[in-house]
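Here the protein sequences line up with chains A and B, keeping their order. In terms of our numbering, the first sequence opens at residue 8 and continues consecutively. In terms of our numbering, the second sequence opens at residue -18 and continues consecutively. Note that the Cβ used here is the ideal one computed from N, Cα and C, for glycine as well.
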Amino acid sequence: MSECHDCGACAVAVAPSPLHKGLRTHVVAIIGPPNSGKSTLFNRLTGLRQKVANFPGVTVEQRVGKAKMDKAKTPHHSEVVLVDLPGVYSLNPRSEDEQVTRDVLAGTMPGIPKPDALLLILDCTNLGRHLVLAAPILSLKLPTLVILNMADDLKNRGGHVDTAELANELGSPVALISAAKGQGVEKVFQFMEGTSAGTTSLAPPRVELPILQDIPRCRQWAHDIGTGAAYRAPAPPIWTRRLDSVFLHPIAGPLIFLMVVAGVFQTIFKGAKPLMDGLQSLIQTSGQGIEHILPPSIFRSLLVDGIWSGVGAVIVFLPQILLLFLFIGILEDSGYLARAALIADRTMAKFGLQGKSFIPLISAYACAVPAIMATRTIENKRDRLATILIAPFMTCSARLPVYTLIIAAFIADRPLLGHFFGMQAGALLGLYVLGFVAAIATARLLKSSILKSERVPFVLEMPPYRWPTLRSLSLRLIDRSKVFLRRAGTVILLVIVVLWVLENLPVKNGQPPEIGSSFAGMIGHAVEPAIKPLGFNWKIGIGLREALRSDLTPGGAVALLVFFAFAMQCMSTIAVVRRETGGWKWPAIQFAYMTFLAYVCALITNQVVRSGIFT
Amino acid sequence: MLQMSVNSGPGAAPHGAFARTLAQLPEGEAGVLDHLDLPDDIARRLMELGFLPGHIIVPARSAPGGEPRVYRVDGSEVALRRETASRLILRPSKGAV
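If you want it as structure tokens, here you go:
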């Protein structure tokens, strides 16, 4: 079942396809509440042998990986495939996450075989509440290892649990581990070795399971089980309280928040610049190198001017994107992201959004692609969708060169506010503001119409502060850059080849045509009547850079800036929106809306400037 | 099921008259949840996070401007907006443990 619905955008195999390898696949699902360390454990067990995709048809992320089993100990040459399920508190199918979890566990999720065994991971510093999930999981009667994570925290804070007694009560093996530190992980491997060899026998739970629909009773059940296993809850996390008294201080809190945001901003723009410049010149020199080696032909021009420089243009953004994800990773793993969301919530609520939308939107100033991928932290699907739809309005760094080019050519640098802040800087700032205003206006529009919130309240769990581990940060960076390069790279490659073909065909007497008589030129001429009112001619219409200086009127120049601020011109963004929303519907709506807005605003701008109101 | 009876001695008013909501509870003061005045599915969502009738809830720090506020409940910290906290009705403080 490795066939995807469309293969261009879904290169990741949805499920392992073991049959052709002649191996028996043993499927193990990892399930646990949010913040229980599920992903950390998954990373521990699989390392780099994992793939990220979406479950078919939904926005829920699916991670599948092969467990790093000890070959000598796993008989039958069997392969253990791990599926990381979304974090849930129960299996009542109210959200997409819970529905996906249920479907996978029932074996009704297309592309994923029914799991042979389960790893139930719970935070043992909050065992009473987390054990509630054990009731529906144990009722599935699959071989289950109950993993009590954060063992180091429990010990340090003076908590205790008798794992042997807990295993007795639940009728399932129990492992006390620290996924972040790697302590006790060997017990998880042993369990998987046992279940894949079929030597694990199922014992019925000694305790009676509660009625799953009755949450108070389930909670009482969990409490009784904990008491039976001599569970002593740990002392409150002192450091978390101390840090919160600083980070959530009425005055210091917002100041630190602003400093963090400014620091992230500064680093992704200034810090990444030398790296980006270095990459840029590397791509250029190597392109010239290729040019020297190959004999001149039209394919050399496709390879060097088209593919090499086009793919290079994507790779150039990699340092910025890596830095951005490094920051998001540190913020998320340390626990500060939840505090930032708390601080930002009140402001974001005014636009119909919520605190968790803030960091993705800020990220979109660097690039909309990682920003849209970062919206995964928003559990509320409508808020997440609204954030995805407005993210491309934020002025991403790819727009910057176009802005500076046009501004430098058409706007005189007269002082505006003293010596340091001139007209040109003002125009640039204006464009940033314009994008931001369009984003929040659109958010309001969406949230009061098609994305009017379900009555789901804003709920934000505050995890304790933790040191981010190098391991999880680097795995995240590798994973995200792979996704970025694959998405952006493949789409852009395709677009470049198509554009090149349009510009170089039809061939006349073995020579590429003049641009005006190429297919691209014909398209340009065909759309010219539609873009003429905006002040653009056909050359601008097909994006000829050299035409920007020579063919634009002042009205057309300002209109073009406005057009660039609003229009969706980034193929990678369209591709990533399709991926994240699970279909073409939302990227199509987004593209139509942004293009319409760009057209209307550019039209108004051109007409206003031409009429000379401002002169 | 959610309506746990309020019988905290003589003169106990039917809830609504004296009952405070979680939003009215001052920072650092413990309150006992009586019931959730919310549609069933939302109430269940909050109950899964520990907001169960009979549980003790302590308001902790808030974001600047007073909301959302962090609440300590059932071993963890969960932030709610005021609109949600004002639908969580507390037992009259006499009945609090």
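Who are the Cβ neighbours of residue i in its own chain at under 6 Å, not counting the five residues just before and after it?
| i | result |
| --- | --- |
| PRO594 of chain A | ILE581, VAL584, ARG585 |
| VAL59 of chain B | LEU30, TYR52 |
| PHE400 of chain A | GLY442, ALA445, ALA446 |
| PRO120 of chain A | VAL34 |
| LEU331 of chain A | ILE275, SER370, ALA373, PRO377 |
| ALA160 of chain A | Rather than Ala, the amino acid found at residue 160 of chain A in this sequence is Asp. Same-chain partners within the cutoff: THR132. |
| MET76 of chain A | VAL87 |
Leaving out five residues before and five after residue i in sequence, what residues of the same chain have Cβ atoms less than 7 Å from its Cβ?
| i | result |
| --- | --- |
| ILE70 of chain B | HIS(-4), ALA0, THR2, ASP15, HIS16, ASP18 |
| GLY278 of chain A | LEU330 |
| HIS230 of chain A | GLY135 |
| ASN99 of chain A | GLU105 |
| GLY531 of chain A | TRP545, LYS546, GLY548, ILE549 |
Among the candidates the options, whose CA atom is the shortest distance from the CA of residue i?
| i | options | result |
| --- | --- | --- |
| LEU125 of chain A | A:ASP251, A:ALA351, A:HIS33, A:ALA345 | A:HIS33 |
| SER308 of chain A | A:ILE503, A:GLY589, A:VAL95 | A:ILE503 |
| LEU541 of chain A | A:LYS58, A:VAL616, A:THR476 | A:VAL616 |
| SER316 of chain A | A:LEU329, A:PHE334, A:SER293 | A:SER293 |
| LEU559 of chain A | A:TRP228, A:LYS539, A:PHE573 | A:LYS539 |
| ARG226 of chain A | A:LYS592, A:PRO377, A:ALA142, A:GLN614 | A:ALA142 |
| LEU33 of chain B | B:GLU64, B:ILE23, B:SER74 | B:ILE23 |
| LEU310 of chain A | A:ALA347, A:TRP507, A:ARG487, A:GLY362 | A:TRP507 |
| ALA351 of chain A | B:ARG62, B:VAL39, B:GLY56 | B:ARG62 |
| TYR472 of chain A | A:ALA434, A:PHE603, A:ARG346 | A:ARG346 |
| GLU10 of chain B | B:VAL39, B:GLY56, B:PRO45, B:ARG25 | B:VAL39 |
| GLU3 of chain A | A:GLY362, A:LEU407, A:ALA405, A:VAL409 | Coverage of chain A is limited to positions 8 through 622, which leaves residue 3 of chain A absent and any answer about it impossible. |
| ALA415 of chain A | A:ALA434, A:ALA229, A:CYS403, A:ARG406 | A:ALA434 |
| THR497 of chain A | A:GLN295, A:HIS299, A:SER557, A:SER579 | A:SER579 |
| SER203 of chain A | A:GLU535, A:THR411, A:ALA36 | A:ALA36 |
| THR47 of chain A | A:ARG101, A:MET157, A:THR151 | A:MET157 |
| LYS592 of chain A | A:ILE222, A:LEU392, A:LEU452 | A:LEU392 |
| SER57 of chain B | B:THR65, B:ARG72, B:ILE37, B:GLU64 | B:ILE37 |
| ASP55 of chain B | A:ALA240, A:PRO408, A:PHE543, A:LEU344 | A:ALA240 |
| GLY201 of chain A | A:GLN220, A:THR151, A:GLU215 | A:THR151 |
| ASN42 of chain A | A:LYS58, A:GLY54, A:LEU52, A:LEU92 | A:LEU92 |
| LYS148 of chain A | A:ALA210, A:LEU183, A:ALA242, A:VAL514 | A:ALA210 |
Give me the DSSP bridge partner(s) of residue i.
| i | result |
| --- | --- |
| SER488 of chain A | According to DSSP, SER488 of chain A bridges with nothing at all. |
| PRO40 of chain B | B:TYR52 |
| SER57 of chain B | B:VAL54 |
| LYS58 of chain A | A:VAL71 |
| ASP284 of chain A | Answer is none; ASP284 of chain A lacks a bridge partner. |
| GLY191 of chain A | For GLY191 of chain A, which the question treats as bridged, DSSP gives no partner whatsoever. |
Give me the chain D residues within the contact set of residue i, using Cβ-Cβ distance strictly less than 8 Å, ordered along the chain.
| i | result |
| --- | --- |
| THR65 of chain B | Structure shown: chain D not included; protein chains present are A and B. |
Quick one: grab the DSSP three-state call for residue i.
| i | result |
| --- | --- |
| GLU200 of chain A | helix |
| LYS277 of chain A | helix |
| PRO540 of chain A | helix |
| GLY94 of chain A | coil |
| LYS75 of chain A | coil |
| LYS148 of chain A | coil |
| ASN4 of chain A | Residue numbering for chain A in the displayed model covers 8 to 622; residue 4 of chain A lies beyond these limits and cannot be assessed. |
| ASN511 of chain A | helix |
| ILE184 of chain A | coil |
| THR32 of chain A | strand |
| PRO257 of chain A | coil |
| GLY205 of chain A | coil |
| ASP110 of chain A | helix |
| VAL153 of chain A | strand |
| GLU468 of chain A | strand |
| ALA124 of chain A | strand |
| GLU86 of chain A | strand |
| GLY165 of chain A | coil |
| GLN327 of chain A | helix |
| THR402 of chain A | coil |
| ARG239 of chain A | strand |
| VAL38 of chain A | In the sequence as displayed, the identity of residue 38 of chain A is Ile instead of Val. DSSP places ILE38 of chain A in strand when its eight states are reduced to three. |
| ILE549 of chain A | coil |
| THR602 of chain A | helix |
Between residue i and the rest of its own chain, which residues show a CB-CB distance below 8 Å, the 5 nearest in sequence each way excluded?
| i | result |
| --- | --- |
| LEU480 of chain A | LEU333, GLY336, ILE337, ASP340 |
| GLU172 of chain A | GLY235, ALA236, ALA237 |
Using a Cβ-Cβ cut-off of less than 8 Å, give me the residues of the segment 20 to 49 of chain B that come near chain A, in sequence order. Those residues of the segment 20 to 49 of chain B that come within reach of chain A (Cβ to Cβ, closer than 8 Å) are PRO20, ASP22, ILE23, ARG25, ARG26, LEU27, MET28, GLU29, LEU30, GLY31, LEU33, PRO34, GLY35, ALA41, ARG42, SER43, ALA44, PRO45, GLY46, GLU48, PRO49.
Any C-beta of chain B within less than 7 Å: which residues of the segment 230 to 245 of chain A qualify? Those would be ALA240, in chain order.
Please name the residues in the segment 466 to 494 of chain A whose beta-carbon is closer than 8 Å to at least one beta-carbon of chain B, in chain order. Answer set for the segment 466 to 494 of chain A: VAL466, LEU467, GLU468, MET469.
Taking a cut of 8 Å between CB atoms, which residues from the segment 355 to 373 of chain A lie near chain B? Identification of residues in the segment 355 to 373 of chain A having a C-beta nearer than 8 Å to some C-beta of chain B yields ALA356, GLY362, given in sequence order.
Counting only Cβ-Cβ distances shorter than 9 Å, please list the residues of the segment 3 to 19 of chain B near chain A, keeping chain order. Answer set for the segment 3 to 19 of chain B: LEU19.
Note down, in chain order, all residues in the segment 326 to 360 of chain A with a beta-carbon under 7 Å from any beta-carbon belonging to chain B. Hits within the stretch, in order: LEU349, ILE350, ASP352, ARG353.
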